[in-house]
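Inspection log for the structure reproduced underneath, given as structure tokens.
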Amino acid sequence: MTAGEVRELGWIGLDPKSPAIDSLKSTLASEPGLKGFDVFSPDAISAIAKAFHRDGFAVVKDVLSPQALASLQTGCDRVVQEMLSLDPEARGNRGSHRYSFGGASLTGAQLHQPEWVELLEVSSVMQMIEAIFGSPDFIVRSAGGDFCLPGAIDYQPLHSDISDRKEITLKPGKTLVLGSFSDPEGLVDYRDLPCPYISCNFLTSDWTSLNGPIRQIPGTQRSHQPIPSLDEEPDWMRVSRLFPLKAGSIILRDVRAWHGGTPNVSQFVRCMPNVEFLAPWYREPVVRSLPLALYDRLEPMAKYRCRYIVEQPGSPLRLGYRREFGGTPENSRSRPKVR
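Taking this note's numbering, the leading residue of the sequence shown gets 372, the next gets one more, and so forth.
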């Protein structure tokens, strides 16, 4: 089976035929999604960059060839099956039935999987990233993404994938630093900067109103307003889902922009692997996650862009899964309420 096909996964501890689930399905099917977002062809580079800078995201169709899509589907299917064998109750690590591919991994990435490494050399994507950053000298930060099972009936809270710099004292002599940008004078923060960090999300299946499309709030990448909680979120944000979209499409996201997961009440696992890029002028701590054997297969430019994440000779990567897949961050701790 490939990612996106019907499979006997999900709906753990839930009755998909219950009246409450039927009501949720009807509501999701009746909501139109985000109005008026553009879907570009891969050759519309200037328009893609313009939309990205305006909205904080851009959607591009027909990026992956049928062969590349099939390969990525196979890789996602393998990793999903592997992760679910370790989580039979579908507790997830981004809420129930909802998972981060990267967050679950000891390296914080899935670049030890050859199908993710193939994404580092999709030429049309590299052209788009170059146009957005205004330079070919960007770097690869990581590659992971997420997936949600049928039965992910909660809305993931809106969130941003980057934050203000914080220092948390864990114990005497040990401090955890979160975030990377800090203005000593306190005049600007990361929201005032050009885009520092892009996530390119790849769709391995068609997106519908029922299988958990991402919701994306346009123009929030520079917002200084507090992100609303699930209880505070207005209806227009809750229904701002990106669908219908076809498998093989991509979503380029400024990770500062507000976004969140939505319910998957279909019979399909919705996978969304990604590759993450940092602007030429922006750096933050990265984890080495790309095995040397896979790195050696890359073309010179891809190698150059991966120079900070490649395994070092004599220091082998520690591969595997984190305990409880790393746990669920505070901003994703929603739980199903429908039974």
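The beta-carbon is built from N, C-alpha and C at its ideal position, and this holds for glycine as well.
Of the listed residues the options, nearest to residue i (C-alpha basis)
i           : options               : result
residue 551 : 545, 534 and 541      : 534
residue 650 : 594, 568 and 393      : 568
residue 555 : 536, 680 and 633      : 536
residue 614 : 390, 380 and 406      : 406
residue 663 : 694, 645, 501 and 682 : 682
residue 462 : 660, 500 and 380      : 380
residue 515 : 661, 455, 498 and 576 : 661
residue 547 : 609, 526, 656 and 519 : 656
residue 590 : 692, 403, 447 and 611 : 611
residue 669 : 478, 390 and 492      : 492
Collapsed DSSP secondary structure at residue i in the structure displayed
i           : result
residue 698 : coil
residue 347 : The shown model of the chain, from 372 to 710, leaves out residue 347, and the question about it has no answer.
residue 468 : coil
residue 564 : coil
residue 444 : helix
residue 630 : strand
residue 666 : helix
residue 498 : helix
residue 675 : helix
residue 425 : helix
residue 449 : helix
residue 504 : helix
residue 412 : coil
residue 660 : coil
residue 375 : Residue placement at residue 375 cannot be trusted, given a pLDDT of 45 that sits under 50; what the coordinates show is reported in the next sentence. Residue 375: coil per DSSP, three-state reduction.
residue 417 : helix
residue 436 : coil
Alpha-carbon spacing of residue i relative to residue j, whole angstroms
i           : j           : result
residue 495 : residue 676 : 16 Å
residue 383 : residue 640 : 13 Å
residue 444 : residue 425 : 31 Å
residue 466 : residue 524 : 10 Å
residue 595 : residue 417 : 27 Å
residue 374 : residue 584 : At residue 374 the pLDDT is 47, less than 50, meaning the model places this residue with poor confidence and gives no usable figure here.
residue 504 : residue 394 : 44 Å
residue 387 : residue 642 : 20 Å
residue 574 : residue 599 : 27 Å
residue 687 : residue 484 : 15 Å
residue 450 : residue 696 : 13 Å
residue 665 : residue 488 : 7 Å
residue 473 : residue 658 : 11 Å
residue 626 : residue 592 : 8 Å
residue 441 : residue 471 : 21 Å
residue 469 : residue 605 : 23 Å
residue 475 : residue 454 : 8 Å
residue 560 : residue 532 : 15 Å
residue 512 : residue 570 : 9 Å
residue 545 : residue 684 : 28 Å
residue 499 : residue 391 : 43 Å
Where the beta strand (DSSP E) through residue i begins and ends
i           : result
residue 570 : 568-573
residue 649 : 641-649
residue 512 : 510-513
beta-carbon residue i near the ligand ZN non-hydrogen atom, thresh 6 Å
i           : result
residue 680 : Ligands in the displayed structure: none, and consequently the ligand ZN is not present.
Alpha helix (DSSP H) segment containing residue i, residue limits
i           : result
residue 429 : First-last for residue 429: 428-431, but that is the beta strand (DSSP E), not the alpha helix (DSSP H).
residue 399 : 390-401
residue 485 : 485-489
Closer than 7 Å to chain D by CB, residue i
i           : result
residue 468 : Among the chains in the structure shown there is no chain D, since it carries only a single protein chain.
Completely contained beta strand (DSSP E) runs for the stretch 516-563, where each covers 3 or more residues
Restricted to the stretch 516-563, the beta strand (DSSP E) segments that are unbroken, complete and at least 3 residues in length are 516-519, 537-542 and 545-549, listed in chain order.
3-residue-minimum beta strand (DSSP E) runs that sit fully inside the stretch 572-636, ordered along the chain:
Here the runs fully enclosed are 621-625.
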